[in-house]
Structures are given as structure tokens and as C-alpha cells.
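Just so you know, we're using this note's numbering here: the sequence shown kicks off at 5 and counts up by one.
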Amino acid sequence: MSRLIDISLPVSNALPTWPGDPAVSLEREGKIEEGSVANVSRLNAGVHTGTHVDAPLHFIPNDIGVDQLDLDKFVGLCQVIELAGEGRITAADLEGASVAADTERLLIKTRNSAWWQEQPLRFHTEFRALDSTAARWVVTRGLKLVGVDYLSVEPFEAEENHPTHGILLGARVGVIEGLDLHAVTPGRYRLICLPLKLVGSDGAPARTVLEVLED
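This is how it looks when you write it as C-alpha cells:
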């Protein structure tokens, strides 16, 4: 049995993207059966496609890009919690979620993860995400990283000036968006999340897995 759980979204032309972002286009341009010496595909997509990491530059002008992120924040022990219900995730929700005192990386599983199993996939605006009180809670607790199971750490109908992103990225908290946690049981794991090294980019797709820890 594999000790790795893939929590990345499959990237295909069927994958929903944030409204206004580029749609995914993955096409085979060179085909062996048509005379090419090898199969060669072209991918056109935004950097915030699927499972991805946000850099501070995403919301803070002239800040660092994804190629300058501290990768130590994205690899290491983490805790997965599950929050039932609907609506915005608040500080009170996190305070009542039994987050261990020594947790440095927190992944939040919600009803959002079930949507990644739909056929066909579609974009949901009513996804659960962190409000500004929850973002401040993350910073106050000294977490290195937070990961969520939809395409934004902030609600679709965001508060004025998008404070959740600003608070987290301004405090250099690592942010992973677009996780698929439907098959993950809450608990402790080792997180491995490696974003593409896109120079000067405000974000990057990232293959992300959880390693099951030995008892």
C-alpha cells in the first residue's frame, strides 16, 4: 500500500478555473501517428490553475514571487482538520477545531472537497474559505502554512480589499489552494508541496502529496 496520498487536482481541459482566469488548454501538437518523432503537448493555463501556491506578489505589489518562496514551509509535518457546515470559516471555527499546539502547517477539509468528484466539474461560488478573523488566527498562532480545498483561501464574496490574502501573504504564511482532501482522514501527515519555479510569478501549480506517518 502506498504511503503517499495525492491531494492534487488532475489538470485537464475539464478543470474549472477562477472566473476571468485562463481556461485550461492541454493539446497534443506533435503526434507520432502523424509523423512526429515524439508526442509533444502544449499547455496553456493560468498560474493559479488547479492545486497551486500563492506568492505574496499575488496581492502585494513589488513583493516576492513564487520562485523566492521558502520551500521549508511547504514540506514537513502538518495537521488535517475537517470543518462541517457551510459559510465562511471564522476564527471561532478554527479555535474549536482541536488544532494541536505544535501544528505548523494546517490543511482544512470541508464540503468543498466533495465537489472535485462531480461529473462534469463546475465552478462553485459558495465554497468555504477563511474570513479575515480566521486569517488573523492563523498568523497569531504562528502557523507556517495553511491549505484549503477550493481555488481560493478567501471567500468568493470577499471582504473589502481582500484582507484574508493580505493578512496571510503579508505575514509570509504559505498558502496552498485547490487541494482535494476527499480521501483524507483528519490527522497528522507529512506534507510535500513543490510549486513550479516560475521566475517572478505571483503563483504556480504544485504537485502536492501527503505522506502517511508510521504508527
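We put the CB at the ideal spot given by N, CA and C, even for glycine.
Shortest alpha-carbon distance to Ser16 belongs to which of Asp25, Leu125, Glu99, Lys35? By 1-based counting over the sequence shown, the position of residue 16 is 12. The residue with the shortest Cα to Cα distance from Ser16 is Leu125.
Taking Ala105 as the reference, which of Arg211, Ala18, Cys82 has the closest Cα? Numbered from its first residue, the sequence shown carries residue 105 at position 101. Ranking Arg211, Ala18, Cys82 by CA distance to the CA of Ala105 puts Cys82 first.
So Ile9 and Leu214 are in contact, right, with Cβ under 8 Å, and what is the actual spacing, rounded? As a position in the sequence shown, residue 9 is number 5, starting the count at 1. As a position in the sequence shown, residue 214 is number 210, starting the count at 1. Contact flag correct, Cβ pair sits at about 4 Å.
Curious, which full-length alpha helix (DSSP H) runs of at least 4 residues does the stretch 24-71 contain? Listed in chain order, there is nothing to give.
Sequence-distant residues of its chain with Cβ nearer than 7 Å to Leu202 (five each side left out): Position 198 of the sequence shown holds residue 202. Within the same chain, Leu202 has close Cβ partners Val51, Val70, Asp71, Ala208.
Tell me, which residues are paired with Pro209 by DSSP? Taking the sequence shown and counting its residues from 1, the one referred to as residue 209 is at position 205. Answer by DSSP bridge pairing, in chain order: His56.
Give the DSSP bridge partners of Glu86, in chain order. One-based indexing of the sequence shown puts residue 86 at position 82. Note: Glu86 sits in a beta bridge opposite Lys113.
Do you know how far the Cα of Thr94 is from the Cα of Glu86? Taking the sequence shown and counting its residues from 1, the one referred to as residue 86 is at position 82. Taking the sequence shown and counting its residues from 1, the one referred to as residue 94 is at position 90. Cα to Cα, Glu86 sits roughly 14 Å from Thr94.
Please state whether DSSP places Arg132 in a helix, a strand or coil. Within the sequence shown, residue 132 is the residue found at index 128, counting from 1. The answer is coil: DSSP assigns Arg132 none of H, G, I, E or B.
With Pro167 as the anchor, note down where its alpha helix (DSSP H) starts and where it stops. Stepping through the sequence shown from its first residue, residue 167 is reached at position 163. Taken as a continuous stretch (DSSP letters only), the alpha helix (DSSP H) holding Pro167 covers 167-174.
Which residue's Cα is closest to the Cα of His62: Arg211, Gly91, Glu33, Arg176? Within the sequence shown, numbered from 1, the residue matching residue 62 stands at position 58. Per the Cα distances, Arg176.
Alpha carbon to alpha carbon, what distance is there between Glu164 and Arg132? As a position in the sequence shown, residue 132 is number 128, starting the count at 1. As a position in the sequence shown, residue 164 is number 160, starting the count at 1. Rounded to whole angstroms, the gap between the alpha carbons of Arg132 and Glu164 is 18 Å.
Given this structure, state the Cα-to-Cα distance separating Ala139 from Ser40, to the nearest angstrom. Translated into the one-based positions of the sequence shown, residue 139 becomes position 135. Translated into the one-based positions of the sequence shown, residue 40 becomes position 36. The straight-line gap from Cα to Cα measures roughly 51 Å.
When the distance is taken between beta carbons, is Val216 closer than 8 Å to Asp58? The count along the sequence shown starts at 1 and reaches residue 58 at position 54. The count along the sequence shown starts at 1 and reaches residue 216 at position 212. At least 8 Å separates the beta-carbon of Asp58 from that of Val216.
Beta-carbon spacing of Thr55, Val28 below 8 Å: Mapped onto the sequence shown, residue 55 falls at position 51. Mapped onto the sequence shown, residue 28 falls at position 24. Not a contact, by the Cβ cut-off of 8 Å.
How many angstroms separate the CA atom of Glu161 from the CA atom of Arg46? Here residue 161 refers to the residue found at position 157 when the sequence shown is read from its first residue. Here residue 46 refers to the residue found at position 42 when the sequence shown is read from its first residue. C-alpha separation (whole angstroms): 34 Å.
Could you tell me whether the Cβ atoms of Val79 and Leu195 are closer together than 8 Å? Indexing the sequence shown from 1 puts residue 79 at position 75. Indexing the sequence shown from 1 puts residue 195 at position 191. The Cβ-Cβ distance between Val79 and Leu195 falls below 8 Å.
Could you give the C-beta distance for His128 and Trp119, rounded to a whole number, given that I count them as a contact under 8 Å? If you number the sequence shown from 1, residue 128 lands on position 124. If you number the sequence shown from 1, residue 119 lands on position 115. Under the criterion of beta carbons closer than 8 Å, His128 and Trp119 qualify as touching, at roughly 6 Å.
By a C-beta neighbour count over all protein chains shown, 10 Å radius and 16 as the cutoff for buried, is Asn48 buried or exposed? Residue 48 sits at position 44 when you count from the first residue of the sequence shown. In summary, Asn48 is exposed, with fewer than 16 beta-carbon neighbours lying within 10 Å of its beta-carbon over all protein chains present.
Is it buried or exposed for Ser136, if we count other Cβ within 10 angstroms and need 16 for buried? To locate residue 136, count along the sequence shown from 1; it is residue 132. Buried.
How far does the beta strand (DSSP E) with Asp10 in it extend, from its first residue to its last? Locating residue 10 in the sequence shown gives position 6, where the first residue counts as 1. In the DSSP assignment, Asp10 falls within the unbroken beta strand (DSSP E) covering 8-10.
Can you tell which of Gly174, Val157, Thr212, Leu183 has the C-alpha that lies nearest to the C-alpha of Pro65? Your numbering for residue 65 matches position 61 in the sequence shown. Selected option, being the one with the closest Cα: Gly174.
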